[in-house]
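J.:
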Amino acid sequence: MFEFNAPPGFSAPPPVAAPAAAAAPAPEGDPLLDFFGAPTSQPQPAPVPAPARAPAPVAAPAPAATPKTCRECGKQLVDPFDQALGACEECRHRGQKPTPSPVPETRSVEVINLPPLDDTAASGAASLPPESGSGAQSAPALAAEPPNAVRPGNQRSGAAVSASGGGGRGALVAVAVVLLLVGGGGAAYFFVPQVKTLVGQQADGEGVSSNPSNQPAAATLPPALEAVLPRWRLMFVDANSGDSKQLLEQGQSLLAKDHRLAYSRAVESFQRALLLDPKSDTAIGGYVQALALGLGSRMDDPTFQEARSLIEVAEGRSRRGADLLVAHANLLLTRSGESENVQQAQRLAEEVLANPKAGTAAQKAEAHLVLGRVFLTSSQELANQHLESALAIASDLQRVHYYRALADETAGDYSRAIERLRKRLEQDPDHWETRSTLARIFMEVGEVDQARQLYESRLTSSPGDFQALLAIAVMRYQMENGLSGGLGALRGLLRNRDKYDEREVADLLLHLSAAERSANNLEAAAKAARESLQLVKRNPAAHLQLFLVSVARKDATAAAEHLASLKGHLDSPVVEKMLEGRLRLLERKPAEAMALFLEASQLDPRHVDALLLAGVAAAQDGRRDESFRVLAQAIQSDPLRLAPRPVVTFFYMRPGELLDGLEGSIVAIARGGDDILANLYEGVLRFHQGEAAAAEKQLKKVNDIDANNASASAYRAFIAMGRKDMKSAKGHAARAVVGGRQVAIAHLAQGLVLAESKEMELAKRSLREAVMLAPKLYSAQVKLAELEAPFSRDSVRERLVKLLGLDPSFLPAKRVLYSLDKRG
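In this note's numbering, the protein residues as written are -12 to 811.
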């Protein structure tokens, strides 16, 4: 229900006497009265007796006084139409909406007498005396809208009166329609069925032209559209100009180019088309498709949620057209980390393919491409099948090659994946996902220099490219152990922040925060993360950095606040539980922390750090036996891998960072200085903290008491290899095997030392023993595969592909597979 209220401080001016005007004789029966009757929102007026016919003309009622100056700019108003609305045409076209003041509850429409538009309107609507003996009654006064309450779109150009069609009655009805649209009687359109029907007939050709902007009244639009269209209008100065159909064709043409910059331009074309025709579901589908393909995983959460609301509206209005289902599926796959999104995308694509008569060939190809993407991580066979089907239907669909490269990567064929991505990059050098994916694969297979060259070549063709500059800086501090160089590069980029948009600056500040924190510059790290949050609200990656800063400062209150903003938004629920457990340790709730760490370890056994943290929590809770039981599991896990981690990420934490500050917790429950288990587990904790010297000191205490302690000797062998002391490493490894024939990590240590010493057969024998004792000791499996590759290439490939199917994040296996491809 619409309410047209007067603005604050406005009151109707007192009536001003007007000179009497000669009234034209009215036809028999008043058409306005016949049509309208009494206004539904007012009491029915009592019948008025028909006046006797007199030779003298009857004076028309004096019109109500109207504002003579524009309420917005104060300019003198000359045009009666402008006077009626209380604003000049220029101010009305600015689209400014005054804030309405509250009205009494007893009535919903402020009634102000609207002056006649001209002499004809005055004689036809204000005073229509009947002919003698006609018996007709005077028409009741129409409720008037306040001059300042102008509905958008109801400007003078929005309702033109036609002189043709319907004769005298049609002309009078057309005048009534004008009064309805610009005067207070507009409310009758919504409340009187006959008015609504007649207005529709007139708009179809019986006297009133339709709105040229094709914009329906705001009340007819779904909330999702009402929320977005006003903001979009501010983005385009000429939002009301152009042709919706032409803009749709332009957007579709840009989408077909399958090019990142074309996607960006297509987004604007579809936005403008939707502004001109908010009922266009084709415009919504094109907008969502261009947005999903152009931004991909870089799309922020507010944009994703807004696009999702729009596409759901369009699906509901258009009976789930194939173009909308495909666009919706592509949007969901920008958040493929959530299994529910992937499953829904699969259902949408299958729905398109299930109806052979629905959708074009291009839309069927898109549906196959969606399914190919869905099965990339679960079934290489199905993924390839759908990708090939997409190409068979639409051979020019270039994006298929990108996803075929990802399928090759899943199959362990990194050389072919790299080749496909390079070809795709030649076709579209601006497609950032292709470039960054190719760089990621290079880093994962150990070709860091080639990854850097990819970004440097981008800077050669496009100097100053922000993403390439940022990528190089991130590689330095996250991948190449070049913290000082990466930090300097990030600070240098920040000095030019005026050249970048807000999202780019937010990403830069996020990485700067991570680098500053890694350098132990906690205040600078917190400042950068807070600035990033000001630019991109609720960014979980920024909250992660602030959480880690709070933990380093031992500020449990601040850490809890940031954890609340993190939960449910990280890539890994396992890491979320570990962060919560770390907070519980900070809050001195070790029992709760231990439960969280054990749950994380059960969810993902690759997280050796979760076991170490659970052991520390039990120690802090004074539960010595439980602590040592958990730590015994951790010490037999892969010593060369603390946890799975990506090569580069927005959610950056240093390896073993959650273990920082917990040293001393285990030896605190020791039963004297010669407690072997307490010293052993404390030494392993220090080893995984990256503190080799401190770890060696604790482990030496163990060997001083028990020279053949297998675990202590094995870890000392790893430490010696780290400092290139192969003589010491060989001695420690030999003592480890003597002291623990059934200890897998002892055989791993000896196998690695022998391989480094070029004693290949002995090394393979030791590694096979390690794998037999612990099949999930992947470091032993991969090193053995590397040594056997020259003699049984196919068998090694098969084993490594199987291993990566179980653990796609194990980078040493990828490097050996890539080396096999290069040799072949």
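Note that CB positions come from ideal geometry on N, CA and C, so glycine has one too.
Keep in mind that this is a model prediction, so the values were computed, not measured.
Relative to the C-alpha of V536, which residue among L553, L509, A547 is closest?
T.: Among L553, L509, A547, the Cα nearest to that of V536 belongs to L509.
J.: Using a Cβ-Cβ cut-off of 6 Å (strictly less than) and excluding sequence neighbours within five positions of S812, which residues of its own chain qualify?
T.: No answer is possible for residue 812: the residues shown for the chain start at -12 and end at 811.
J.: Taking the continuous alpha helix (DSSP H) assigned at S744, which residues delimit it?
T.: Per DSSP, S744 belongs to no alpha helix (DSSP H) and is neither H nor E.
J.: Smallest Cα separation from E375: which of L356, F362, S365?
T.: Cα-wise, what sits closest to E375 is L356.
J.: Do A336 and A377 have their beta-carbon atoms positioned less than 8 Å apart in this structure?
T.: No, Cβ-Cβ distance for A377 and A336 is not below 8 Å.
J.: Going by other Cβ atoms of all chains shown within 10 Å of its Cβ, with 16 needed for buried, is E368 buried or exposed?
T.: Per the 10 Å Cβ criterion, exposed.
J.: State the Cα-Cα distance for the pair V224 and S305, rounded to the nearest angstrom.
T.: Their backbone Cα atoms lie some 30 Å apart in a straight line.
J.: Whole beta strand (DSSP E) runs in the stretch 201 to 241 with 3 or more residues, listed along the chain?
T.: Runs of the beta strand (DSSP E) inside the stretch 201 to 241: none found.
J.: For L520, which of H530, D662, G359 has the nearest alpha-carbon?
T.: The candidate whose alpha carbon is nearest that of L520 is H530.
J.: Touching or not, the stretch 500 to 514 and the stretch 483 to 490, by the rule of three or more beta carbon pairs under 8 Å?
T.: No, they do not touch.
J.: Label L221 either buried or exposed according to how many other C-beta atoms from any shown protein chain fall within 10 Å of its C-beta, with 16 as the threshold for buried.
T.: Exposed.
J.: Within the same chain, show all residues whose beta-carbon is closer than 7 Å to that of V561, passing over the 5 residues directly before and after it, in chain order.
T.: Contacts found: A587, L590, D591, H594.
J.: Please confirm whether E375 has its beta-carbon closer than 8 Å to some beta-carbon of chain B.
T.: Annotation note: the requested chain B is absent from the structure, which comprises a single protein chain.
J.: For S505 and A630, I'd like the C-alpha separation in whole angstroms.
T.: Roughly 18 Å between the two C-alpha positions.
J.: Does the separation of the CB atoms of A733 and A699 fall below 8 Å?
T.: In this structure, A699 does not lie closer than 8 Å to A733 by Cβ.
J.: Figure out for me which residue from P416, I380, D417, L425 has the closest Cα to the Cα of Y390.
T.: Nearest option by C-alpha distance: L425.
J.: Candidates G399, A682, A381, Q676: which alpha carbon is nearest N666's?
T.: Measuring from the Cα of N666, the nearest candidate turns out to be A682.
J.: Might you give, ordered along the chain, the residues of its own chain that have their beta carbon closer than 8 Å to the beta carbon of L208, omitting 5 neighbours on each side?
T.: The answer, listed in chain order, is L216, P265.
J.: Cβ atoms of I428 and Y401: under 8 Å apart, would you say?
T.: Taking 8 Å as the Cβ cut-off, Y401 and I428 qualify as a contacting pair.
J.: Check Q63 in the structure and name its three-state DSSP category.
T.: The answer is strand: DSSP assigns Q63 an E or B state.
J.: Assuming contact is defined by CB atoms lying nearer than 8 Å, are L393 and L363 in contact in what I supplied?
T.: Taking 8 Å as the Cβ cut-off, L393 and L363 qualify as a contacting pair.
J.: Using a Cβ distance threshold of 8 Å, determine whether the stretch 615 to 627 contacts the stretch 636 to 648, with at least three qualifying pairs required.
T.: Short answer: they don't touch.
J.: For V617, collect the residues of the same chain with a Cβ closer than 7 Å to its Cβ; drop the 5 residues on either side in sequence, then sort them by chain order.
T.: Result list for V617: L598, A601, G602, A605, in chain order.
J.: With a CB to CB cut of under 8 Å and the five nearest residues on each side skipped, what residues in its chain are close to V435?
T.: These residues qualify, in order along the chain: F429, M462, M466, E467.
J.: From L297 to L212, what distance separates their C-alpha atoms?
T.: The straight-line gap from Cα to Cα measures roughly 7 Å.
J.: In terms of residues, what are the limits of the alpha helix (DSSP H) holding S505?
T.: Segment 489 to 505, the alpha helix (DSSP H) holding S505.
J.: Would L645 and D596 qualify as a contact pair, given that the criterion is a beta-carbon distance under 8 Å?
T.: Yes. Within cutoff.
J.: I'd like to know whether the C-beta atoms of H549 and L573 end up nearer to each other than 8 Å.
T.: For H549 and L573, no; Cβs fall outside 8 Å.
J.: Let me make sure I understand the geometry here. Which of L241, D417, T421 has the alpha-carbon closest to that of R407?
T.: The shortest Cα separation from R407 among L241, D417, T421 belongs to T421.
J.: Okay, do the stretch 229 to 239 and the stretch 255 to 262 touch, 3+ Cβ pairs below 8 Å being the bar?
T.: Touching, yes, given that three or more Cβ pairs across the two stretches are closer than 8 Å.
J.: Between the alpha carbons of V816 and V361, how many angstroms are there, rounded?
T.: Any question about residue 816 goes unanswered here, given that the chain covers just -12 to 811.
J.: Could you name the residues that DSSP lists as bridge partners for T56?
T.: The partner list for T56 (beta bridge, DSSP) reads Q63.
J.: Between the Cα of Q350 and those of R722, D691, L739, D310, spot the shortest distance and give me the residue it belongs to.
T.: For the residues R722, D691, L739, D310, the minimum Cα distance to Q350 belongs to D310.
J.: Would DSSP call H418 helix, strand or coil?
T.: It is coil, neither helix nor strand.
J.: Short of 7 Å in beta carbon distance, which residues of its chain neighbour R611, apart from the five on each side in sequence? Order them along the chain.
T.: Around R611: I656.
J.: CA-CA distance, K541 and R571?
T.: Taking the straight line joining both Cα atoms gives about 11 Å.
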